[in-house]
Amino acid sequence: MSASQDVRIGAGTVPWVLSGRSEAGLRGQASRLLARIEADSTRDAVDDVAQVGRSLVAAGAANEYRAVVLGSDREGLLAGVRALTEGRAAPHVTSGRATKEARAQARPVFVFPGQGTQWAGMAVELLDGSPAFAAAVRDCEQALAPYLEWSLEDVLRGAPDSPPLDRVDVVQPVLFSMMVSLARMWRRFGVEPRAVVGHSQGEIAAAHVCGALSLADAARIVALRSQALTAIRGRGEMLTVMAPVDRVRAMLAEWDGALSVAAVNGPGTVTVSGDVAAMTGFGAKLRAEGMMRWRVPGVDFAAHSAHVEDLRQTLLDLASEVEPAHTEVPFHSTVTGERADTAGLDAEYWYRNLRQEVRFDAAVRSLITEGHTVFVECSAQPVLSVGMQDIAEELGRPVVPMATLRKDDGGPGRFLAALAEAYVNGVAVNWTAAFE
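Residue numbers (the numbering used here): 21 to 456.
Okay, structure coming up:
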């Protein structure tokens, strides 16, 4: 059996959750459900299919062999159940085996990426279809309001007079709000993080979600820091290169400090940051050697480089009032590459977070070595999964990296598909929340 959920499902999506002690038992439950529903031709209204979903959640135990059928009408849901009875994959069915060992390890790490996950309309469907998500966004907007001259929701909806997402002082607070709100959605369904890790600005969201920073403090950092970055716009660029970091460092020696490694995301994924002119020459060299590379979207400054040193005092001042707290949820720092005491996430730490190389590779290695197996990107699209998978393969320890939303697929149906993938991989999900 396999997981298959990467297909858009319309508004009013309902999950039918099934499980069995064996593959035959799961098929048997699906067969009995199919026969019962097909025998009652009156069950075609949304309320009726939702009632079936509620009954399945109320009556069913989360056994080892699991499946979730998603759909918004009787016909679509029955087609998925029929596929289960026949043991075949279907685009709106997610199935898998959650062994006892998998269930014991499946409380996920919440992963918060940096800039580059944005896309137009990424929150609109959830804002309209999920009151819980809309409430979370409103809370973020209220926390950000003292520092912004624009409306968060207007930007998310692409209102005519709203500022564009390609401005660093806009996109970073917006992405922070997306990550925090998506993490709250996971928690609404009973999925709590076993640990958190953030990439670059994603560490601010990670610090809030694990309880180290209040929403007010996190909003202050992300808003004021993004505004400070406007002072170095136009001077730098950032480029992702598919190559081992040692090879990239050796190539950068030619540019005598004008370029540096900004982030190590995996065994073969590195981000470079630095001067525009030098980056042009470096890009030409990569092209000549046939090496895959691409610009980090929407970035016209050189984070994690010497350029940031011009902002040191500004960055220290804006975070000077922050009061970090110790938290029991492990925070794995991509500044140090290992677990950090969150009481130390002071102004100096947040300067280092923007100036120093992002050690995402090292942080994920430490998480996998500790036994973490499930990683959930709380973002509008997954950008770190490849690196995490490569790290796991190099260590010889399989992991399950999962997306929350995907580009051009950001509605409640997509979120339920993410929950379904987590569930069949052993994560405990409170499916009752889908019917509240």
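Glycine included, each C-beta is placed from N, C-alpha and C at the ideal position.
Residue range of the alpha helix (DSSP H) that includes residue i
i	result
tyrosine 443	432 to 444
glutamate 309	Here glutamate 309 belongs to no alpha helix (DSSP H), and DSSP marks it neither H nor E.
alanine 270	265 to 272
valine 188	188 to 208
glutamate 84	Element bounds for glutamate 84: n/a, residue is neither H nor E.
isoleucine 411	405 to 415
phenylalanine 153	151 to 164
aspartate 337	332 to 338
valine 101	94 to 105
glycine 231	Element bounds for glycine 231: n/a, residue is neither H nor E.
leucine 185	Run containing leucine 185: none; DSSP gives neither H nor E here.
Nearest residue (CA-CA) to residue i, options the options
i	options	result
leucine 436	Met408, Ala453 and Val378	Ala453
proline 264	Gly256, Arg359 and Val292	Val292
valine 72	Val101, Glu84, Gly48 and Asn83	Val101
proline 166	Pro193, Leu336, Arg372 and Glu106	Pro193
histidine 392	Val129, Phe209 and Ala283	Val129
glutamate 368	Ser386, Asp337, Thr389 and Asp276	Asp337
isoleucine 115	Trp451, Ala448, Tyr443 and Val449	Sequence check: residue 115 is serine here, not isoleucine. The candidate whose alpha carbon is nearest that of serine 115 is Tyr443.
proline 317	Ile57, Asp186 and Ala143	Asp186
arginine 332	Val261, Leu365 and Arg375	Arg375
methionine 258	His324, Pro184, Gly218 and Ala270	His324
valine 319	Thr137, Gly286 and Phe455	Thr137
leucine 76	Trp36, Ser92 and Val113	Trp36
proline 133	Leu202, Arg117 and Phe153	Leu202
alanine 59	Ala44, Arg94, Ser42 and Glu84	Arg94
Residue i - partner residues in DSSP beta bridges
i	result
valine 89	Trp36 and Val113
alanine 215	Val129
arginine 315	Leu259
histidine 352	Val217 and Arg359
arginine 375	Arginine 375 is not bridged to any residue.
glycine 294	Glu257 and Leu279
arginine 426	Asp429
threonine 476	Past the edges of the chain, shown from 21 to 456, lies residue 476, and the structure says nothing about it.
Distance, residue j Cα to residue i Cα
i	j	result
valine 342	alanine 232	10 Å
aspartate 266	glycine 433	42 Å
valine 355	alanine 243	20 Å
serine 150	methionine 205	9 Å
serine 171	glycine 310	44 Å
valine 69	glycine 107	22 Å
glutamate 212	aspartate 159	20 Å
alanine 81	serine 39	7 Å
glycine 286	leucine 54	45 Å
alanine 156	leucine 164	12 Å
aspartate 366	serine 92	47 Å
Neighbour-count burial assignment, residue i, 16 or more Cβ in a 10 Å radius
i	result
glycine 446	buried
proline 402	buried
aspartate 428	exposed
threonine 289	buried
arginine 56	exposed
proline 180	exposed
cysteine 398	buried
proline 184	exposed
alanine 438	buried
tryptophan 370	buried
glutamate 109	Residue identity differs from the one stated: residue 109 is alanine in this sequence, not glutamate. Exposed is the call here.
Start and end residues, beta strand (DSSP E) containing residue i
i	result
asparagine 285	279 to 286
proline 421	420 to 423
phenylalanine 395	394 to 397
Below-8 Å beta-carbon distance, residue i vs any chain C residue
i	result
serine 405	Absence of chain C from the displayed structure is noted, only one protein chain being present.
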